[in-house]
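Order-wise, the sequence lines are chains A and B. Per this note's numbering, the first sequence runs over residues 6 to 433. Per this note's numbering, the second sequence runs over residues 324 to 424. We put the beta carbon where it would ideally sit given N, CA and C, even for glycine. Please read the structure below before turning to the comments.
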Amino acid sequence: MADDDAFDAIVVGGGFAGLAAAYRLAQADKSVLVVERGQVCGAKNLTGGRIYAYALQALLGDRWREAPVQREVKREIISLLTEQDAVNVDSTLTSVEEESYTVLAAPLLAWLAEQAEEAGAMIVTETTVDGLIIRDGRVCGVTTGDEQLEASVVIDCEGINPLLLERAGLIRRLDPHDVAVGAKFVFGMPAAEVEQRFGVQPGEGAALLGMGDPTHGVFGGVFAYTNNESVSLGLVVDSAAWAKSGRSLLHTAQDLQEHPALRRYVGDAELLEYGAHLVYEGGYDTLPQMSGDGWLICGDAAGLCLNRGFTIRGMDYAVMSGIAAADTVVEAVEAGDPGPTGLAGYRRRLDDGLLQDFRALRGGHAWMSGTPDLFTVYPKLAVDLMTDLYHVGADPVRPVGSTVWRTARKVRKPFSTARSLLKGMKTL
Amino acid sequence: MTRKSVDELLATTRFETDEHNAHIVIDPQACRTCPSDRACVTSCPAQRYVWDEAADQMRFDHVGCLECGNCRLVCERLRLGVEGYSWDYPATGAGVSYRQG
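Written out as structure tokens, the structure is:
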């Protein structure tokens with residue numbers, strides 16, 4: 006068992022999962038230390054991004070409304086892009102209340118760290134954990150430089166590159182086929198200009214997810230989000246497929262700003278920051294063992310990110326897994342059993358909670374990554390159809406039916422295409 | 324819109340630079356026999372890897388690394404941590420320090 010001066014829990018990483026776990030543990034009067042490698046919490050985090058408010062509500066109650074989120078998403082745009090053109094499915098959803106907000110990770114995590122500290126958690130920054138202390142198979146703490154820090158339980162929230170867990174052999178090495186890489190630009194502009202460019206009301210925001218030519222046939226997509234006084238624009242592509250493409254990721258990301266359908270959102274604005282981050286996309290069947298003797302894994306480190314094409318969720322699952330881990334640790338510490346049995350409740354909590362989503366969308370990633378037409382053929386068909394429908398010239402008009410038929414005939418294998426699309430609807 | 328160079332892009336991002344301690348180590352000469360088609364060169368979003376044709380070796384600069392970890396995935400040697408190749412997080416708060424994130 007741990008010494009008297011040991012913590013109930015050490016949390017590795019002060020991101021969404023780690024700070025949620027720490028806040029929850031501190032609220033339950035457990036001693037908790039967060040070890041963060043960045044200058045401050047949030048320094049190493051990057052989001053697209055957008056968060057779903059239910060997770061903040063679950064953690065903070067109504068106080069989540071004080072959180073420095075950006076704009077409430079009231080307009081959703083799905084964009085099918087060819088080299089020069091785009092067809093958008095543009096939804097104005099003013100009736101949706103307090104469901105989702107655009108965010109920048111750095112200010113939100115700095116605030117969340119304050120909440121955790123006020124609740125009683127201890128946070129040390131600028132400290133990189135370089136190993137786990139393992140005695141007789143039980144994780145008893147972490148090492149950083151010459152220092153050894155002991156705890157009943159270590160909650161690993163180290164993020165998408167789980168070096169500690171890989172080196173300790175507690176998790177398999179991250180596989181490039183399960184991961185996408187994202188690059189993001191943040192462009193600054195006054196609030197009124199954000200609202201004008203995206204056609205939203207003051208304080209309200211828009212989210213755009215696009216697929217097609219910008220990723221050059223590689224599984225992935227582009228995104229744009231309105232912040233208070235900036236716009237985030239970026240792309241996410243499958244890491245393994247991109248490596249084979251031979252194209253420069255940086256130049257491809259820069260091309261976004263010049264696409265006629267995206268340029269309007271960021272053209273001539275000042276670049277505030279460029280960043281990059283990995284995104285886990287392996288899905289349910291690749292998830293690791295979630296807990297063991299003296300340890301639990303949350304957030305990105307646990308692979309808890311889900312891409313459906315039209316929504317990408319990671320931060321809400323990070324928060325929810327942090328809560329589930331904390332509740333499990335409270336139980337285990339109070340029962341005096343931080344071993345594999347005492348911590349097994351974590352997986353049960355996840356099974357009854359967020360893993361339901363992962364099970365429901367089990368084949369989604371395989372379907373999207375195995376359906377390259379999604380990123381090449383379908384956006385082109387949509388643009389061709391709309392181009393034909395809106396065409397007026399000296400030539401005689403064509404009835405709508407014949408225009409649609411002409412486009413539909415361009416589908417090379419209509420039956421297997423229809424079958425594939427039906428499968429997609431089931432897995433997403 | 325004039326296109327920014329990679330240096331201009333990275334100048335917008337804040338770094339707590341530690342010039343001396345590289346958190347990623349590669350063997351520039353061993354990269355001649357790369358089993359991963361030198362995917363790092365095109366897959367690094369910060370373009371930290373440049374193949375120097377004249378010197379017949381890899382040039383790598385850890386300063387300006389965004390710590391995304393993509394090279395750790397696309398480079399088989401970094402992924403497996405073979406001799407001369409290692410990937411770590413920077414120590415003591417060094418490296419990228421996002422203000423927006």
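Rounded to whole angstroms, what is the Cα-Cα separation between D360(B) and P207(A)?
Here residue 360(B) refers to the residue found at position 37 when the second sequence is read from its first residue. Here residue 207(A) refers to the residue found at position 202 when the first sequence is read from its first residue. The straight-line gap from Cα to Cα measures roughly 49 Å.
In three-state terms, what does DSSP make of C357(B)?
Counting from one through the second sequence, the residue named residue 357(B) turns up at place 34. It is coil, neither helix nor strand.
Return the bridge partner residues of E71(A) from the DSSP annotation.
In the first sequence, counting from the first residue as 1, residue 71(A) sits at position 66. Paired residue(s): none; E71(A) is not in a bridge.
Based on DSSP bridge pairs, tell me the residues matched to F190(A).
As a first step, residue 190(A) must be located in the first sequence, where it is residue number 185. F190(A) is bridged to L238(A) and Y279(A).
Chain A beta carbons: is any one of them nearer than 7 Å to that of E421(B)?
On the second sequence, residue 421(B) is found 98 positions in, with the first residue counted as 1. Here residue 421(B) turns out to be Tyr, not Glu, going by the sequence shown. It does; some Cβ of chain A falls within 7 Å.
Just to confirm before moving on: does the CB-CB distance between Y279(A) and F190(A) stay below 7 Å?
Sequence index remark: in the first sequence, residue 279(A) carries index 274 (1-based). Sequence index remark: in the first sequence, residue 190(A) carries index 185 (1-based). A contact, by the Cβ cut-off of 7 Å.
Going by C-alpha to C-alpha distance, which of A26(A), G20(A) and S36(A) sits closest to E339(A)?
Counted from its first residue, the first sequence places residue 339(A) at position 334. Selected option, being the one with the closest Cα: S36(A).
Who does L137(A) pair with in a DSSP beta bridge?
Indexing the first sequence from 1 puts residue 137(A) at position 132. Looking at the DSSP assignment, L137(A) forms a beta bridge with V147(A).
Chain A partners of D411(B), CB-CB under 9 Å?
Taking the second sequence and counting its residues from 1, one reaches residue 411(B) at position 88. Within chain A, the residues near D411(B) are T133, D135 and L168.
Got a sec? Which residues, its chain only, sit under 8 Å from L277(A) by beta carbon, not counting five neighbours each side?
Stepping through the first sequence from its first residue, residue 277(A) is reached at position 272. Within the same chain, L277(A) has close Cβ partners V191, F192, G193 and S235.
Which bits of chain B does S253(A) rub up against, with CB to CB less than 7 Å?
Here residue 253(A) refers to the residue found at position 248 when the first sequence is read from its first residue. Those within 7 Å of S253(A) in chain B are T365.
If you run the structure through DSSP and keep just helix, strand and coil, what is F315(A)?
Locating residue 315(A) in the first sequence gives position 310, counting from the first residue. F315(A): coil per DSSP, three-state reduction.
From A7(A) to R143(A), what does the alpha carbon distance come to, in whole angstroms?
The residue given as residue 7(A) occupies position 2 in the first sequence. The residue given as residue 143(A) occupies position 138 in the first sequence. Any reading at A7(A) must be qualified, since the residue scores a pLDDT of 44, below 50, and its modelled position is unreliable; the value itself is stated next. Going by the C-alpha atoms only, they are around 11 Å apart.
Assuming A337(A) and P343(A) make a contact with CB atoms under 8 Å, what is their CB distance in whole Å?
Working through the first sequence from its first residue, we reach residue 337(A) at position 332. Working through the first sequence from its first residue, we reach residue 343(A) at position 338. Right, their Cβ atoms sit about 5 Å apart.
So is T325(B) in contact with chain A if we call contact Cβ pairs under 7 Å?
Translated into positions along the second sequence, residue 325(B) becomes position 2. No, no contact with chain A.
Is any heavy atom of the ligand MG found at a distance shorter than 6 Å from the C-beta of A340(A)?
As for the ligand MG, it is missing from this structure, which has no ligand bound.
Less than 7 Å between the C-beta atoms of G164(A) and L154(A), yes or no?
Position 159 of the first sequence, counted from the first residue, corresponds to residue 164(A). Position 149 of the first sequence, counted from the first residue, corresponds to residue 154(A). Cβ distance not < 7 Å, so G164(A) and L154(A) don't count as in contact.
Suppose the cutoff is 7 Å on Cβ atoms and the five residues either side in sequence are ignored; what does the same chain contact list for G416(B) look like?
Numbered from its first residue, the second sequence carries residue 416(B) at position 93. Counting only Cβ-Cβ distances below 7 Å, and skipping sequence neighbours, we find E339.
Exposed or buried, S100(A), counting other C-beta atoms within 10 Å across all chains shown (16 or more means buried)?
Counting from 1 along the first sequence, the entry for residue 100(A) is found at position 95. Exposed: under 16 other Cβ atoms inside 10 Å.
Are the region 245-265 of chain A and the region 315-330 of chain A in contact at 8 Å, needing three or more beta carbon pairs?
Because the criterion of three Cβ pairs below 8 Å is not met, the region 245-265 of chain A and the region 315-330 of chain A do not touch.
Cα separation between T132(A) and T52(A)?
The sequence position of residue 132(A) within the first sequence is 127, counting from 1. The sequence position of residue 52(A) within the first sequence is 47, counting from 1. Whole-angstrom Cα-Cα distance: 22 Å.
Determine, using beta carbons only, whether G215(A) and S296(A) come nearer to each other than 7 Å.
Position 210 of the first sequence, counting from 1, holds the residue named residue 215(A). Position 291 of the first sequence, counting from 1, holds the residue named residue 296(A). Contact flag unset, no.
Strictly below 8 Å CB to CB, what residues from chain A border A362(B)?
Mapped onto the second sequence, residue 362(B) falls at position 39. Correct list: A248 and K249.
Taking CB distances under 7 Å as the criterion, tell me whether C391(B) reaches chain A.
Numbered from 1 along the second sequence, position 68 holds the residue referred to as residue 391(B). Judged by the 7 Å Cβ criterion, C391(B) is in contact with chain A.
With 16 as the cutoff for other CB atoms within 10 Å, does T220(A) come out buried or exposed?
Translated into the one-based positions of the first sequence, residue 220(A) becomes position 215. It counts as buried.
Scan the region 334-407 of chain A and note each continuous alpha helix (DSSP H) run of 4 residues or more that stays entirely inside, going in chain order.
Counting only runs of 4 or more, we get 350-357, 360-365, 369-374 and 382-395.
Should the region 284-296 of chain A be regarded as contacting the region 27-35 of chain A, the criterion being three or more beta carbon pairs within less than 8 Å?
No, the region 284-296 of chain A is not in contact with the region 27-35 of chain A.
If you draw a straight line from the alpha carbon of T381(A) to that of P112(A), how long is it in whole angstroms?
What you label residue 381(A) is simply residue 376 of the first sequence in a count that begins at 1. What you label residue 112(A) is simply residue 107 of the first sequence in a count that begins at 1. Their backbone Cα atoms lie some 37 Å apart in a straight line.
If R371(B) and D384(B) are in contact, beta carbons under 8 Å, what's the gap, nearest whole angstrom?
Translated into the one-based positions of the second sequence, residue 371(B) becomes position 48. Translated into the one-based positions of the second sequence, residue 384(B) becomes position 61. Right, their Cβ atoms sit about 5 Å apart.
Determine the burial state of D141(A): buried for a count of at least 16 other Cβ atoms within 10 Å of its Cβ, exposed for fewer.
The residue given as residue 141(A) occupies position 136 in the first sequence. So D141(A) ends up on the exposed side.
Run the CB neighbour count on A395(A), radius 10 Å, all protein chains shown included, and call it buried at 16 or more, exposed below.
Position 390 of the first sequence, counting from 1, holds the residue named residue 395(A). It is Tyr, not Ala, that sits at residue 395(A) in the sequence shown. Y395(A) comes out exposed.
Which residue marks the beginning of the beta strand (DSSP E) containing M295(A), and which one marks its end?
Within the first sequence, residue 295(A) is the residue found at index 290, counting from 1. Premise fails: M295(A) is in no beta strand (DSSP E) and is neither H nor E.
Does H343(B) pass the burial test, meaning 16 or more other C-beta atoms within 10 Å, or should it be called exposed?
In the second sequence, residue 343(B) corresponds to position 20, counting from 1. It counts as exposed.
If you reduce the DSSP assignment to three classes, tell me which class R268(A) lands in.
As a working mapping, residue 268(A) is identified with position 263 in the first sequence. In the structure shown, R268(A) sits in a helix (DSSP, three-state: H, G or I).
Just checking my contact of Y389(A) with A156(A) at CB under 8 Å: how many whole Å lie between their CB atoms?
For the purposes of this step, residue 389(A) is taken as residue 384 along the first sequence, with counting starting at 1. For the purposes of this step, residue 156(A) is taken as residue 151 along the first sequence, with counting starting at 1. Here residue 389(A) is Asp; the residue named in the question, Tyr, does not match the sequence. Contact doesn't hold; Cβ gap of about 60 Å is too wide.
Show which residues of chain A have a CB atom less than 7 Å away from the CB atom of L396(B).
As a working note, residue 396(B) is residue 73 in the second sequence. Under the 7 Å cutoff, chain A gives L179, P181, V184 and S244.
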